[in-house]
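Here the structure comes first, spelled out in structure tokens, and everything after it is commentary.
Numbering (this note's numbering), first residue to last: 1100 to 1228.
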């Protein structure tokens, strides 16, 4: 008399596990991608704030006026005296409404409001530097 020993999974069991993994992925992945996009957006906002703060300090301590221009998905930092572009940063998650900010030698800007366009929606972002 031969006995059949069970040493593995049947095809039906494997298919059920694959279906369960697929269903859970379909539920979890969209939320995860949304969180990933949100983290990238916040990171780029922090980068803008950091650059504006840097320009404020640079203009004050170096006694050089700077011009920061926001256009499309770019932030450009230009020295006012000779027009030399010191820094250009591109962003992926949003675009800017056109705006030019002047940092004089006194470095007197402490609050800046920018208009951003993300997913075809315009929003105001206030930066405290």
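Note that the Cβ used here is the ideal one computed from N, Cα and C, for glycine as well.
Hey, residue i and residue j are a contact pair by Cβ (cut 8 Å); roughly how many whole angstroms apart?
i: residue 1193; j: residue 1225; result: Incorrect: roughly 15 Å between the Cβ atoms, too far for contact.
i: residue 1147; j: residue 1174; result: 6 Å
i: residue 1138; j: residue 1154; result: Between residue 1154 and residue 1138 the Cβ distance is about 25 Å, and since that is not below 8 Å, they are no contact.
Who are residue i's beta bridge partners in DSSP?
i: residue 1217; result: 1220
i: residue 1168; result: 1175 and 1199
Identify, in the order they occur along the chain, each residue of the same chain with its Cβ nearer than 6 Å to the Cβ of residue i, setting aside the five sequence neighbours on each side.
i: residue 1198; result: 1169
i: residue 1186; result: 1176
i: residue 1210; result: 1227
Enumerate in chain order the residues of its own chain whose CB-to-CB distance from residue i is below 7 Å, with the five nearest sequence positions on each side excluded.
i: residue 1158; result: 1164, 1165, 1202, 1203, 1204 and 1206
Measuring CB to CB, does residue i end up less than 8 Å from residue j?
i: residue 1189; j: residue 1172; result: yes
i: residue 1196; j: residue 1221; result: yes
Going along the chain, which unbroken runs of the beta strand (DSSP E) with 3 or more residues stay wholly within the segment 1170 to 1196? 1173 to 1178 and 1184 to 1189
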